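Have a look at the structure below, then the notes.
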Amino acid sequence: MTKIYKTALVVGAGAFGTSIASILANKFEHVILKVRSEDVYQNINDDRENSVYLPGIKLDGNIKAIIEWDEFDTNFEDDLELVVSGLPTHGIRTFFSENLDRFEGYLKREIPIISLSKGIDPETLELSDDLFNDFFPQYRDYITFLSGPSFAKEIMEKQITLVTIAGRSKKVLMDIATKLDTPYFKALPSYDIKGVLLGGALKNVLAIAGGIVEGLGYNHNTRAAMITRGIVEMLRFGKVFNARPETFYGLSGMGDLILTTTGGLSRNKTFGLEIAKGRKPLDIINSQRTVVEGYKTTKAAFLLAEKYDIRARIFKGLYEVLYNDANVEEVLEKLMKAPIKFEID
1 MTKIYKTALV VGAGAFGTSI ASILANKFEH VILKVRSEDV YQNINDDREN SVYLPGIKLD
61 GNIKAIIEWD EFDTNFEDDL ELVVSGLPTH GIRTFFSENL DRFEGYLKRE IPIISLSKGI
121 DPETLELSDD LFNDFFPQYR DYITFLSGPS FAKEIMEKQI TLVTIAGRSK KVLMDIATKL
181 DTPYFKALPS YDIKGVLLGG ALKNVLAIAG GIVEGLGYNH NTRAAMITRG IVEMLRFGKV
241 FNARPETFYG LSGMGDLILT TTGGLSRNKT FGLEIAKGRK PLDIINSQRT VVEGYKTTKA
301 AFLLAEKYDI RARIFKGLYE VLYNDANVEE VLEKLMKAPI KFEID
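All residue numbers for the sequence shown refer to my numbering, where the first residue is 1 and numbers rise by one.
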């Protein structure tokens, strides 16, 4: 594929950030991955692989890792056309506080940012758009948010994938969608930032719940019930944030939820399977390098439900399991003893 753009910068070399870098490598001459660790730096540049997160998959030759900004400033900054933030939600505030002037300078040049973060800050109960808007209030049109059913490994394998890209400016959204467009990957624009972000965050919680019920031996009936009632609860959260209901039935809502609650590559579902074995949440988290966004999002969702009086029995039940060591079977029994109400509110 002909390279028609110069340089893209991807901050964060996790699985998803690396997979987006591989998409951009189709159209950009240079895709720069900003990494923190020397081993990942050497692995990408010397072995053409990110073996920590995507072992056995070779990276394109125009993807390059950097650790220090000096190397980027000397060789690539003048040609920068796109920034991707692959940071987890809890890492956004620290990173952009430390690099505020740099990224404000990029935005002044009308270089857009794509955020891949899927979570809710458990301390402030903010979504990632709130965090970015705190830093760059005058550049909101240039900050966008990508979410949808997309396992990184399958993107790297060039499996056909559709996602949502949300933002405020039609011009910016269409420009980014064009930069991401390949024969196997397509981003569909949306103006519903809150709906897209809530779908991406809350489905991780339900994926953990799905892993738990599957791990306990419950089969398709139970999982189907959990998914459909989970969507109902997600819609209640969406109402608080003035999100559009139809967004939750699209790629970033129902699509992502189905993928992460049923797919074998879901970190959050795998986490739930381990919980079903009797392992403690922090023991699981401390034993791996990958981020389980749904763990912290469970707490944030619980606090939001309490603050806004949202009826969210599944989310609250999972919070009790993960944070108060509640017995899963007892939580399920309590859910089944809930008063009978009409299915549609």
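The C-beta atom is built at its ideal place from N, Cα and C for all residues, glycine as well. Computed from a predicted structure; not experimentally measured.
Note down, in chain order, each residue of its chain lying with its Cβ closer than 6 angstroms to the Cβ of A187, except the 5 sequence neighbours on either side.
V163, I165, A177 and L180
Continuous beta strand (DSSP E) assignments of at least 3 residues falling wholly in the stretch 164-214:
185-190
Could you pull out every residue in the same chain whose Cβ sits closer than 8 angstroms to the Cβ of I258, ignoring the five residues on either side in sequence?
P149 and I227
If I measure Cβ to Cβ from R289 and keep anything under 7 angstroms in the same chain, skipping five residues before and after, which residues do I get?
V52
Candidates I111, P88 and E98: which alpha carbon is nearest D121's?
P88
Whole angstroms is fine: what's the gap from V240's alpha carbon to I231's?
15 angstroms
In three-state DSSP terms, what is F241?
coil
Run through DSSP, which three-state label would N296 get?
Just to set this straight, residue 296 is Lys in the shown sequence, not Asn. If DSSP states are grouped into helix, strand and coil, K296 belongs with the helices.
Reduced DSSP secondary structure (H/G/I, E/B, other) of E38:
helix
If you compare alpha carbons, which of A243, S117, L107 and V331 is closest to G294?
S117
Per-residue DSSP class, three states only, for F16:
helix
Inter-residue CB distance, T7 and I32 (contact presumed, cutoff 8 angstroms):
7 angstroms
Where does G238 land, buried or exposed, given buried means 16+ other C-beta within 10 angstroms?
buried
Would S115 and L146 be called neighbours here (beta carbons separated by less than 9 angstroms)?
yes
Starting from the C-beta of I275, find all residues in its chain whose C-beta is less than 6 angstroms away, skip the five residues before and the five after it, and write them out in chain order.
I212
Verify whether the separation of the beta carbon atoms of M234 and L206 is less than 9 angstroms.
yes
Cα-Cα, which of F302, E71, A25 and F342 is closest to N324?
F302
So the candidates are V10, K203 and K341; which of them puts its Cα closest to the Cα of T262?
K203
Does DSSP put E157 in a helix, a strand or coil?
coil
State the DSSP-derived secondary structure class of L9, mapped to helix, strand or coil.
strand
Taking contact to mean at least 3 C-beta pairs separated by less than 8 angstroms, is the stretch 91-101 in contact with the stretch 126-142?
yes
Apart from the five residues just before and just after L24, which ones in its own chain have a Cβ nearer than 6 angstroms to its Cβ?
A8 and V31
N-terminal and C-terminal residue of the beta strand (DSSP E) that K64 is part of
I63 to I66
For E110, the three-state DSSP class (helix, strand or coil)
coil
Between P183, L173, V172 and K153, which has its C-alpha nearest I160's C-alpha?
P183
Where does T144 sit, in a helix, a strand or coil, going by DSSP?
strand
Report yes or no: do three or more beta-carbon pairs, one from the stretch 33-40 and one from the stretch 49-66, lie closer than 8 angstroms?
yes
Chain-order list of residues whose beta-carbon lies under 7 angstroms from that of R313 (same chain, five-residue window excluded):
L335 and A338
Please report the distance separating the alpha-carbon of N45 from that of F96.
25 angstroms
Can you list, in chain order, the residues of its chain whose CB lies under 8 angstroms from that of K316, leaving out five sequence neighbours each side?
F302 and A305
Taking only runs of the beta strand (DSSP E) that begin and end inside the stretch 70-113, which ones reach a length of at least 3 residues, in chain order?
80-85
Cβ pair K296, G91 closer than 9 angstroms:
no
Report the partner residues of E49 according to the DSSP bridge assignment.
K58
With a 10 Å radius around its C-beta and 16 neighbouring C-beta atoms as the bar for buried, classify F342 as buried or exposed.
exposed
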